[in-house]
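In the numbering used here, the protein residues as written are 34 to 486.
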């Protein structure tokens, strides 16, 4: 899973750019809703046609996904699959606006789903699901949530990502830490025990790095562990009034102070390698604990095969100890764009790669992602490396949490991560007032979208 292919992880600016194009498209009318209607007929067994698929996959991952797509040929031997990789959300959006979209769109960004659903860029799949009597309960609720918007299902989940905790077993043993932290209080104490300093007082090894945004330290990945939703029941930003957000940022500040302060932490962070390179701080033994997704197991196997590590659910706020085992989930989505030339065949392909157990297991084993149906989780062919199984267990725990879909793409996520960076630097004197300003910023964008752009 090379870093060039999985850019959704931490690439908020890229997603924001795509979202802005989508919103412009909606306001201009260039991507007006398709209007629903009946499901297009499935192709005949002997029909000859080509299904064009756009995705961002490249290199090894491209081959794994192409093999999964081509499994449709067992049922439709005369259908050709034209899989065009390295197609990002901007290219996809431009193809829809230009009237020349692919038949099937695969995206790494669930953040843009609200815009795609609301402006009709992705077609409503309900007619197909109803016609074929698809039981969506075979997909966990949180995963169903991130593939629909305001009750409209315009995408299906192909594979999922689940975020948890990684820890260095050798470092734990050396410091007498016998088990991974389950609460934020335990994380704080373990981080202090595991942190080592150079003779000049600079950090040599960090027990846990609280910087945000950095690696998988993103607000949306931390928030479920603090009971902190972005959007409240009234549809507005809910940061300043929600105690979970205050607890999260106060905990972050406490961690930074415990390690010696912002300047010392930032100096240490500057010496760490890129998240997806072999010089990743955890892989190089510079970080004892990290947040990350299940895909990190594939990177470690490839780039740091001798690393002695284990995985666990992420720690939760101490007052939420009963929620331990929960996890943030997101994933790859697949849809039929507006204007697709072969929508009936596109739906048959989508069913193949989102609901067929063997197809999902093959792709999950190849990509080291979590398969997105309950049946595929129990397949005897699924690769159950111990560190990877942790994420499968969290996926099947019934405690998954996903991002709330909005019509503004990931603008709210970027706003909170920008705030986190300023907060940890000490440039936000009053936490509550600072969060109120972020609320106002997000609500202004929501209001503009609600007014029709």
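The beta-carbon is built from N, C-alpha and C at its ideal position, and this holds for glycine as well.
All values derive from a computational prediction rather than experimental measurement.
**Study point:** Helix, strand or coil at residue 313 according to DSSP, with G and I counted as helix
**Key:** coil
Exercise for review: Would you be able to state if there are at least three C-beta pairs under 8 angstroms between the region 157 to 168 and the region 404 to 412?
Suggested key: no
Check your understanding: Which one or two residues does DSSP pair with residue 189 in a beta bridge?
Key -> Paired residues: 367.
Practice item. Report the rounded CA-to-CA distance for residue 491 versus residue 425, giving the unit in angstroms. Key: Residue 491 lies beyond the range of the chain shown here (34 to 486); nothing can be said about it.
Check your understanding: Can you tell me the Cα-Cα spacing of residue 302 and residue 355, whole angstroms?
Key -> 32 angstroms
Exercise for review: On the DSSP bridge assignment, give the partners of residue 434 in chain order.
Suggested key: 361
Check your understanding: Any idea what DSSP makes of residue 324, helix, strand or coil?
Key -> Residue 324 falls in the strand class under three-state DSSP.
**Study point:** Buried versus exposed, by CB contacts within 10 Å (16 or more), residue 206
**Key:** exposed
Exercise for review: Below 8 angstroms on the Cβ atoms is my guess for residue 136 versus residue 378; work out the distance and round it to an integer in Å.
Suggested key: 7 angstroms
Point to revise | As assigned by DSSP and simplified to three states, the class of residue 254 | key: helix
Point to revise | Proximity winner among 143, 236 and 360, relative to residue 297 (alpha-carbon distances) | key: 236
Review point. Identify the residues that DSSP records as bridge partners of residue 444: which are they?
Key: Answer is none; residue 444 lacks a bridge partner.
Practice item. In angstroms with no decimal places, state the Cα-to-Cα distance between residue 306 and residue 244. Key: 14 angstroms
**Study point:** Close-in-space but distant-in-sequence residues of the same chain around residue 61 (CB under 6 angstroms, 5 per side omitted)
**Key:** Model confidence at residue 61 stands at a pLDDT of 36, short of 50, so the residue's coordinates are unreliable; what they give is reported in the following sentence. Nothing meets the Cβ criterion.
**Study point:** Segment limits, alpha helix (DSSP H) that includes residue 299
**Key:** 295 to 303
Check your understanding: Does the region 217 to 237 touch the region 182 to 197, meaning 3 or more C-beta pairs lie closer than 8 angstroms?
Key -> no
Review point. Nearest-angstrom Cα distance between residue 80 and residue 397?
Key: Straight across, the Cα-Cα distance linking residue 80 with residue 397 is about 30 angstroms.
Review point. What residue does the beta strand (DSSP E) around residue 140 start on, and which one ends it?
Key: 137 to 140
Review point. Among the residues of its own chain, which have a CB less than 6 angstroms from the CB of residue 284, if the five just before and after it don't count?
Key: Answer for residue 284: 217, listed in chain order.
Practice item. Sort 363, 452, 87 and 210 by Cα distance to residue 286 and report the nearest one. Key: Shortest Cα-Cα distance from residue 286 to any of 363, 452, 87 and 210 involves 452.
Practice item. Within the same chain, show all residues whose beta-carbon is closer than 8 angstroms to that of residue 112, passing over the 5 residues directly before and after it, in chain order. Key: If we look at residue 112 and ignore the five residues flanking it on each side, its Cβ neighbours are 76, 80, 81, 82, 83, 84, 105, 106 and 378.
Practice item. Taking residue 384 as part of the alpha helix (DSSP H), name the residues at either end of that continuous run. Key: 376 to 388
Check your understanding: When you compare each of 347, 159 and 304 to residue 324 by their alpha carbons, which one comes out closest?
Key -> 347
Point to revise | Close Cβ partners of residue 291 (< 6 angstroms) along its chain, the five nearest in sequence each way excluded | key: Excluding its 5 nearest sequence neighbours in each direction, residue 291 has C-beta neighbours in its own chain below 6 angstroms: 225, listed in chain order.
Review point. Excluding sequence positions up to five away, which residues of its chain have a Cβ less than 6 angstroms from the Cβ of residue 150?
Key: 182, 185 and 187
Exercise for review: State buried or exposed for residue 158, treating a residue as buried only when at least 16 other CB atoms are found within 10 Å of its CB.
Suggested key: buried
Check your understanding: So, is residue 363 buried or exposed, given that buried needs 16 or more other C-beta atoms within 10 angstroms?
Key -> The residue in question, residue 363, is buried, as its Cβ has 16 or more Cβ neighbours within 10 Å.
**Study point:** Cβ neighbour criterion (16 or more within 10 Å) applied to residue 460
**Key:** exposed
Point to revise | Beta-carbon proximity list for residue 264, same chain, < 7 angstroms, skipping 5 on both sides | key: 270, 271, 437 and 439
Practice item. Following the continuous alpha helix (DSSP H) through residue 161, name the residue where it begins and the one where it ends. Key: For residue 161, the enclosing alpha helix (DSSP H) has its first and last residue at 159 to 164.
Point to revise | Pick from 249, 274, 429 and 88 that is closest to residue 120, judged by C-alpha positions | key: Nearest neighbour of residue 120 by Cα position, chosen from 249, 274, 429 and 88, turns out to be 88.
Review point. Between residue 456 and residue 467, which are expected to be in contact by the criterion C-beta below 8 angstroms, what is the C-beta distance as a whole number of angstroms?
Key: 7 angstroms
Check your understanding: Name the DSSP bridge partner or partners of residue 349?
Key -> 216
Practice item. Have a look at 179, 400 and 175 and flag the residue whose alpha-carbon is nearest the alpha-carbon of residue 95. Key: 400
Practice item. Whole angstroms is fine: what's the gap from residue 340's alpha carbon to residue 132's? Key: 50 angstroms
Check your understanding: Where does the unbroken beta strand (DSSP E) through residue 236 begin, and where does it stop?
Key -> 236 to 241
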